[in-house]
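Numbering (this note's numbering), first residue to last: 1 to 492.
All C-beta atoms, glycine included, are put in the ideal place defined by N, C-alpha and C.
All figures in this text were calculated on a predicted structure; none of them were measured in a lab.
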Amino acid sequence: MQESYRVDVAIIGAGFAGSLTAMILSRIGLRPILVERERHPRFALGEASTPFANLLLRQLACRYDLPDISDLAKYGPWKRSHPDLPTWRKRGFSFFRHHAEQRFRPTADHGEELLVAASPDDESSDTHWYRPSFDAYLVAQAATLGIPYFDQTETTVLQDRPEWLLQCDRDGKPFEIRCRFLVDASGPGGFLTQTLRLPPSLEPMETSSRSVYAHLIGVRSWEAILRRLDAHLVDYPYPCDHSTIHHIFDGGWMWVIPFDNGVTSVGLMLDMEHWKGIEGQPAEDQWQKITRCYPSMLEQFAQVEAIEPWRKTPRLQRCVDRCCGPNWVLLPHAAYALDALFSIGNGHTLLGIERLANTLEAHWKRDSLADALRLDAETLRQEIQFNDALIRACYRSFRSFRLFAATSMLYFAGAHAAEIARSRPDRPTVWRFLSSQVQPFANAVHEAARCLDAAYEEAEIREYEAWIRKAIAPINFGGFADPSKHNLYACA
Ligand SMILES: Cc1cc2nc3c(=O)[nH]c(=O)nc-3n(C[C@H](O)[C@H](O)[C@H](O)COP(=O)(O)OP(=O)(O)OC[C@H]3O[C@@H](n4cnc5c(N)ncnc54)[C@H](O)[C@@H]3O)c2cc1C
1 MQESYRVDVA IIGAGFAGSL TAMILSRIGL RPILVERERH PRFALGEAST PFANLLLRQL
61 ACRYDLPDIS DLAKYGPWKR SHPDLPTWRK RGFSFFRHHA EQRFRPTADH GEELLVAASP
121 DDESSDTHWY RPSFDAYLVA QAATLGIPYF DQTETTVLQD RPEWLLQCDR DGKPFEIRCR
181 FLVDASGPGG FLTQTLRLPP SLEPMETSSR SVYAHLIGVR SWEAILRRLD AHLVDYPYPC
241 DHSTIHHIFD GGWMWVIPFD NGVTSVGLML DMEHWKGIEG QPAEDQWQKI TRCYPSMLEQ
301 FAQVEAIEPW RKTPRLQRCV DRCCGPNWVL LPHAAYALDA LFSIGNGHTL LGIERLANTL
361 EAHWKRDSLA DALRLDAETL RQEIQFNDAL IRACYRSFRS FRLFAATSML YFAGAHAAEI
421 ARSRPDRPTV WRFLSSQVQP FANAVHEAAR CLDAAYEEAE IREYEAWIRK AIAPINFGGF
481 ADPSKHNLYA CA
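In structure tokens, the structure reads:
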């Protein structure tokens with residue numbers, strides 16, 4: 001006879017989000033089970049943290065008594081308590097604008113460089129998460145709390161009401177799960193999207209980008225290249241190799257995310273329309289073609305070797321119409337995908353986990369649960385639209401670095417204000433992702449793409465920069481969009 005598990009909540013997908021959700025639900029007294037299709041360690045994207053993501057990770061770890069997880073929220077404690085888990089300091093966000101067939105040209109006024117510090121020192125620095133090890137560690141932590149975990153398991157839904165009946169198959173050994181509630185943490189795997197045939201959102205996403213990426217060894221120090229180009233490194237608020245580096249070029253950008261195991265995650269994010277001509281080519285050929293156009297980027301990657309095959313995606317943006325029902329919910333990465341710019345994914349995922357934990361704690365086995373989940377879903381929907389408008393505007397701004405530097409201030413001001421709000425002892429519960437509940441600010445984000453489309457001449461660009469300063473004014477607690485900073489922002 002096959003084994004049968006009766007639990008409160010089944011969580012499908014054991015990425016960092018599934019494992020963390022399982023641990024938190026177990027801490028609030030529910031009985032979760034965690035089911036994963038693959039086997040850890042496995043490759044995953046989502047490797048650069050942010051101050052918001054780390055703050056939230058730390059707050060969740062403290063609130064739900066997960067001290068080992070709390071150490072992962074800052075570089076110093078991470079290195080002391082988990083020296084074997086690969087990571088890197090992410091002291092800030094660094095952007096450099098490249099032009100085809102020209103070496104990168106640093107200038108005294110840093111006109112095509114933008115560095116925004118996120119942490120004042122290594123000890124409190126944000127981190128890069130080497131997801132194969134990071135996710136394997138979290139799932140092992142979940143197991144130490146006694147949470148049943150099954151990897152390499154295919155799951156089929158036999159029944160979803162009044163309770164879930166799941167038929168699972170692990171290596172030919174079938175078992176069943178009966179539970180009251182289901183959390184879809186399967187990310188792009190789309191477990192419930194497929195099972196319940198959830199239609200795509202009626203409001204299509206406006207960002208249109210795709211990705212080409214790999215894990216590489218042999219990536220050269222960007223700082224060393226800058227030094228040879230006589231960049232004014234003394235002005236920088238942090239050593240730029242200790243950050244997530246973004247190389248911006250016509251119609252796209254590249255992320256460079258180093259780890260201390262010698263591996264560097266590198267990926268191109270490409271505007272669909274701009275790079276349509278090479279879409280059908282193999283991933284590595286696209287990478288070669290683009291880096292060959294930009295001599296300084298080429299120098300950084302002259303001697304690299306991919307440790308796994310290059311991969312490419314179709315258009316990344318997806319969003320479902322419904323992300324909850326009376327007895328199920330999709331975590332953010334199962335509900336939507338947008339773009340890697342500003343590394344917003346993990347922070348938003350952690351916020352989704354926090355909301356779900358609050359909702360289940362307050363409404364478990366009550367009639368009010370369905371309404372509470374619907375409210376959370378509506379908040380998520382509005383945040384997705386906000387994020388989409390922000391990223392779309394940034395893509396439109398790539399044509400001029402001044403426009404991009406100005407537009408990016410919407411992100412930095414919104415993220416920073418949200419961090420400040422969360423750090424207050426009287427934490428406001430209505431503070432949304434990237435401060436998107438501040439209505440005049442949110443309206444400006446939705447307007448930004450249209451406004452910058454009208455900015456070409458010097459006077460128009462100045463006008464746009466002034467408009468951005470006004471747009472962020474209600475939440476600009478970090479002195480962003482200040483011309484006297486010359487694109488270099490020390491820790492606010
Ligand atoms: C190109 C790109 C770059 C990104 N870069 C960043 C970044 O730098 N920083 C950032 O914050 N965010 C980034 N993101 C977003 C980030 O990937 C997500 O926020 C993060 O991975 C969410 O974690 P997760 O655990 O929810 O999902 P995932 O990491 O996708 O994990 C889902 C898990 O579910 C499993 N699964 C799938 N289907 C099934 C099934 N049917 N049954 C059982 N298990 C299943 C999978 O095997 C996987 O282990 C990026 C996204 C993309 C697309």
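**Asked** Could you give the residue range of the beta strand (DSSP E) that holds Trp255?
**Response** That run of the beta strand (DSSP E) goes Gly252 to Pro258.
**Request:** Indicate whether Tyr130 and Pro86 have their beta-carbon atoms separated by less than 7 Å.
**Result:** yes
**Prompt:** From which residue to which residue does the alpha helix (DSSP H) around Phe191 run?
**Reply:** Phe191 to Thr195
**Lys173, buried or exposed, once every other Cβ within 10 Å from all chains shown has been counted against 16** = Result: exposed.
**Request:** Find out if the Cβ-Cβ distance for the pair Phe259, Trp431 is shorter than 7 Å.
**Result:** Taking 7 Å as the cut-off, the Cβ atoms of Phe259 and Trp431 do not count as close.
**Request:** Report yes if the CB atom of Cys324 is closer than 7 Å to the CB atom of Leu375, and no otherwise.
**Result:** no
**Request:** Determine the burial state of Asp388: buried for a count of at least 16 other Cβ atoms within 10 Å of its Cβ, exposed for fewer.
**Result:** buried
**Request:** Using the Cα positions of Gly345 and Leu316, report the straight-line distance between them to the nearest angstrom.
**Result:** 13 Å
**Request:** Check Tyr213 in the structure and name its three-state DSSP category.
**Result:** strand
**Delimiting residues of the alpha helix (DSSP H) encompassing Met493** = Because the chain spans 1 through 492 in this model, residue 493 falls outside it and cannot be assessed.
**Cα-Cα separation, Ser94 to Ser243** = 7 Å
**Message:** Just to confirm the assignment, what range does the beta strand (DSSP E) spanning Ala117 have?
**Reply:** Glu113 to Ala117
**Request:** Kindly confirm or deny that the segment 390-409 and the segment 433-449 touch, where touching means at least three C-beta pairs closer than 8 Å.
**Result:** yes
**Message:** Just verifying my parser: in three-state terms, what is the DSSP assignment at Asp8?
**Reply:** coil
**Prompt:** With burial defined as no fewer than 16 other Cβ atoms inside 10 Å of the residue's Cβ, what is the status of Gln159: buried or exposed?
**Reply:** Under this definition Gln159 is an exposed residue.
**Alpha-carbon to alpha-carbon, Pro106 and Leu226** = A direct Cα-to-Cα measurement between Leu226 and Pro106 gives close to 8 Å.
**Message:** Could you check if Gly29 belongs to the surroundings of ligand 3, using beta carbon to heavy atom distance under 6 Å?
**Reply:** Ligands present in the displayed structure are limited to ligand 1, and ligand 3 is not among them.
**Prompt:** Using the C-alpha atoms, what's the distance from Arg63 back to Ile28?
**Reply:** 10 Å
**Ala337, DSSP secondary structure in three states** = Three-state result, Ala337: strand.
**Item:** For Gly13 and Ala283, believed in contact at Cβ under 8 Å, the rounded distance
**Value:** No, Ala283 and Gly13 are not in contact; Cβ-Cβ is about 25 Å, not under 8 Å.
**Option nearest His128 by Cα separation, candidates Trp78, Cys491 and Gln385** = By alpha-carbon distance to His128, the top candidate from Trp78, Cys491 and Gln385 is Trp78.
**Asked** Would you say Thr349 touches ligand 1, meaning its beta carbon is less than 6 Å from a heavy atom?
**Response** yes
**Prompt:** Would you say His486 and His110 are within 7 Å of each other, going by their C-beta atoms?
**Reply:** Yes; because the gap between Cβ atoms is below 7 Å, this pair is in contact.
**Request:** For the beta strand (DSSP E) containing His246, list its first residue and its last residue.
**Result:** Per DSSP, His246 belongs to the beta strand (DSSP E) from Thr244 to Phe249.
**Request:** Assign Glu36 to one of two classes, buried (16 or more other C-beta atoms within 10 Å of its C-beta) or exposed (fewer than that).
**Result:** So Glu36 ends up on the buried side.
**Asked** Where does Leu85 sit, in a helix, a strand or coil, going by DSSP?
**Response** Three-state result, Leu85: coil.
**Prompt:** Using a threshold of 6 Å, is the CB atom of Arg392 nearer than that to any non-hydrogen atom of ligand 1?
**Reply:** Outside the cutoff, so no.
**Element boundaries [beta strand (DSSP E), containing Cys451]** = Segment Gln439 to Leu452 is the alpha helix (DSSP H) holding Cys451; no beta strand (DSSP E) there.
**Asked** Does the segment 31-50 come within contact of the segment 135-146, defined as at least 3 CB pairs closer than 8 Å?
**Response** Judged by Cβ distances under 8 Å, the segment 31-50 makes contact with the segment 135-146, as three or more pairs qualify.
**Prompt:** Could you give the distance in angstroms between the alpha-carbon of Tyr5 and the alpha-carbon of Asp371?
**Reply:** Looking at the two C-alpha atoms, the distance is approximately 28 Å.
**Request:** Please go through the segment 289-361 and give each complete beta strand (DSSP E) segment of 3 or more residues, from N-terminal end onward.
**Result:** 328-330
**Request:** Determine the burial state of Ile475: buried for a count of at least 16 other Cβ atoms within 10 Å of its Cβ, exposed for fewer.
**Result:** Ile475 counts as buried, since at least 16 other C-beta atoms from the protein chains shown sit within 10 angstroms of its C-beta.
**Request:** Have a look at Ile33 and Met23 and give me their C-alpha separation to the nearest angstrom.
**Result:** 10 Å
**C-alpha gap between Cys240 and Tyr294, whole angstroms** = 19 Å
**Item:** CB of Ala44 within 7 Å of CB of Gly15, strictly
**Value:** yes
**Request:** Taking only heavy atoms of ligand 1 into account, decide whether any of them is closer than 6 Å to the Cβ of Arg39.
**Result:** no
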